[in-house]
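At position 57 of the sequence shown the residue is numbered 92 (the numbering used here), and the sequence of numbers has no breaks.
What follows is a short report on a single structure.
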Amino acid sequence: MYNRRKFIRDTALSGALIAISKNSLATSNNTNQPIVISTWDFGVAANADAWKILSNDGKALDAVEAGVKVPEADIKNQSVGYGGLPDRDGIVTLDACIMDHLGNCGAVLALENIKHPIAVARLVMEKTPHVMLAGDGALQFALEQGFKKEELLTENSKKAWKEWLKTSKYEPISNIENKLYDKAAPEKLPGNQYNHDTIGMLALDNAGNLSGACTTSGMAYKLHGRIGDSPIIGAGLYVDNEIGAATATGVGEEVVRNVGSFLVVELMRQGYPPEEACKEAVMRIIKKKKESTKNLQVGFLALNKKGEYGAYAIQKGFTYAVCDSKQQDLVIKGKSYY
36 MYNRRKFIRD
46 TALSGALIAI
56 SKNSLATSNN
66 TNQPIVISTW
76 DFGVAANADA
86 WKILSNDGKA
96 LDAVEAGVKV
106 PEADIKNQSV
116 GYGGLPDRDG
126 IVTLDACIMD
136 HLGNCGAVLA
146 LENIKHPIAV
156 ARLVMEKTPH
166 VMLAGDGALQ
176 FALEQGFKKE
186 ELLTENSKKA
196 WKEWLKTSKY
206 EPISNIENKL
216 YDKAAPEKLP
226 GNQYNHDTIG
236 MLALDNAGNL
246 SGACTTSGMA
256 YKLHGRIGDS
266 PIIGAGLYVD
276 NEIGAATATG
286 VGEEVVRNVG
296 SFLVVELMRQ
306 GYPPEEACKE
316 AVMRIIKKKK
326 ESTKNLQVGF
336 LALNKKGEYG
346 AYAIQKGFTY
356 AVCDSKQQDL
366 VIKGKSYY
């Protein structure tokens, strides 16, 4: 006969087993192999520098900062940092943000004359009570921290800007940087190291902790002072160490309107795999603006606590790079709606 005493005993035993199961899950999450992922093919080089840190038991935060510094300093890169295409007034302004596993974050917006805005963003996080510094204030802070002023507008970017001035036509064309290159040069087609957009990077370290970074020179020929999603926590980047992390690329206005990266992480919290979470975030943008999204690009990239990753975009042409102990130069074509 199943009496009250047996019921209490069995219930207590079941509760203990559940507790053990939960503890085992937490332990397995903390023993995952490190991994770093980033947007676009040129993320391979960025991932390589991040991997130097992760593979030596380093922190994810240090890895993502080191990783995105690579495209920030790449003179051939016309959408991130040094060499970035200017705004319509011919001024290169940079945006960046960084976030760690504890929820600490820092960002700089419309920063001029500093090659590595991601490093400044990290110092905003670590040395001030603020999350964001903008414009002249961000530059003043950077100079106070020992950064040097540099001219960021290269001759190639200046030439492209002057060509644009002849028509002064502004449209948020999807994968607009594709049109900067001759179609006869297949090595410069979408997603190649010469052809890309904002870099967003997400990493999981040996301790099971997540961090992320995002940096850009923003939309080419934007209005002076325009800010997209890249430096906005919850839009261009979001990290929740219990669940996962996400980053975005493309037309930032649409990402901001939908708080895109936060949405992707919350969808993963609900049980969505990374790719499905990215797809649902894309679909919400499309549902709201069915017609306009036919002519613009937004892509999301996500990494969960288990080290699983995925991406999804509105348009074709979005790629992302993956680096772990098995392979350091994997490039994947992201799925898309169109």
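Glycine included, each C-beta is placed from N, C-alpha and C at the ideal position.
Count the other CB atoms, across all protein chains shown, that sit within 10 Å of the CB of residue i; report buried if there are 16 or more and exposed otherwise.
i       : result
Gln-180 : exposed
Lys-256 : A small fix is needed here, since residue 256 is Tyr in this sequence, not Lys. It is buried - the Cβ of Tyr-256 has at least 16 other Cβ atoms within 10 Å.
Asn-339 : buried
Asp-109 : buried
Ser-63  : Since pLDDT at Ser-63 reaches only 30, below the 50 mark, its modelled position is unreliable, and no value is offered.
Gln-332 : buried
Tyr-355 : buried
Thr-282 : buried
Phe-353 : buried
Gly-253 : buried
Ser-265 : buried
His-151 : buried
Asn-58  : Unreliable positioning characterises Asn-58 in this predicted model, as indicated by a pLDDT of 37, which lies under 50. A coordinate reading is not provided.
Ala-219 : Unreliable positioning characterises Ala-219 in this predicted model, as indicated by a pLDDT of 47, which lies under 50. The coordinate reading is nonetheless provided below. Exposed, because fewer than 16 other Cβ atoms sit within 10 Å of the Cβ of Ala-219.
Leu-129 : buried
Asn-330 : exposed
Glu-190 : exposed
Cys-358 : buried
Glu-198 : exposed
Thr-163 : exposed
Gly-285 : buried
Ser-114 : buried
Glu-326 : exposed
Gly-116 : buried
Thr-328 : buried
Gly-369 : buried
Can you round the beta-carbon distance between residue i and residue j to whole angstroms, since I take them to be within the 8 Å contact cut?
i       : j       : result
Tyr-347 : Lys-314 : 4 Å
Pro-309 : Gly-345 : 4 Å
Gly-287 : Gly-271 : 7 Å
Thr-250 : Ile-234 : 6 Å
Val-79  : Met-236 : That pair is no contact at about 12 Å.
Val-143 : Phe-182 : That belief does not hold up - the Cβ atoms of Val-143 and Phe-182 are roughly 11 Å apart, past 8 Å.
Ile-149 : Glu-100 : With 8 Å as the limit, Ile-149 and Glu-100 do not qualify as a contact, their Cβ atoms being about 14 Å apart.
Gln-363 : Ala-83  : 6 Å
Ala-85  : Ala-98  : 4 Å
Arg-123 : Gly-141 : Rounded, the Cβ-Cβ distance is 28 Å, inconsistent with contact.
Trp-196 : Gly-260 : With a Cβ gap of about 17 Å, Trp-196 and Gly-260 do not count as contacting.
Val-366 : Asp-92  : Between Asp-92 and Val-366 the Cβ distance is about 26 Å, and since that is not below 8 Å, they are no contact.
Please tell me whether residue i and residue j are closer than 9 Å, where the distance is taken between their beta carbons.
i       : j       : result
Asp-135 : Asn-244 : yes
Pro-69  : Ser-246 : no
Ile-349 : Val-317 : yes
Val-103 : Leu-187 : no
Ala-145 : Ala-177 : no
Gly-118 : Ser-73  : no
Lys-184 : Leu-174 : yes
Pro-121 : Asn-112 : no
Ile-133 : Met-160 : yes
Gly-279 : Ala-337 : yes
Asp-275 : Leu-89  : no
Leu-302 : Glu-311 : yes
Glu-277 : Lys-324 : no
Phe-335 : Ser-296 : yes
Ile-267 : Val-291 : yes
Lys-341 : Tyr-373 : no
Ala-131 : Ala-248 : yes
How is the alpha helix (DSSP H) around residue i delimited, first residue to last?
i       : result
Phe-297 : 295-304
Ala-195 : 190-200
Val-291 : 287-292
Asn-82  : 78-89
Asp-171 : 170-179
Asp-97  : 95-107
Ile-153 : 152-162
Lys-184 : Neither: Lys-184 is in no alpha helix (DSSP H) and is coded neither H nor E.
Lys-322 : 309-323
Over what stretch of residues does the beta strand (DSSP E) that includes residue i continue unbroken?
i       : result
Ala-238 : 234-239
Lys-341 : That residue, Lys-341, is in no beta strand (DSSP E); it is neither H nor E in DSSP.
Ile-267 : Neither: Ile-267 is in no beta strand (DSSP E) and is coded neither H nor E.
Tyr-373 : Tyr-373 -> no beta strand (DSSP E), and no H or E assigned at all.
Val-357 : 354-359
Thr-250 : 245-251
Ile-72  : 70-74
Lys-439 : Residue 439 lies beyond the range of the chain shown here (36 to 373); nothing can be said about it.
Problem set entry | Continuous beta strand (DSSP E) assignments of at least 3 residues falling wholly in the stretch 114-141 | 129-134
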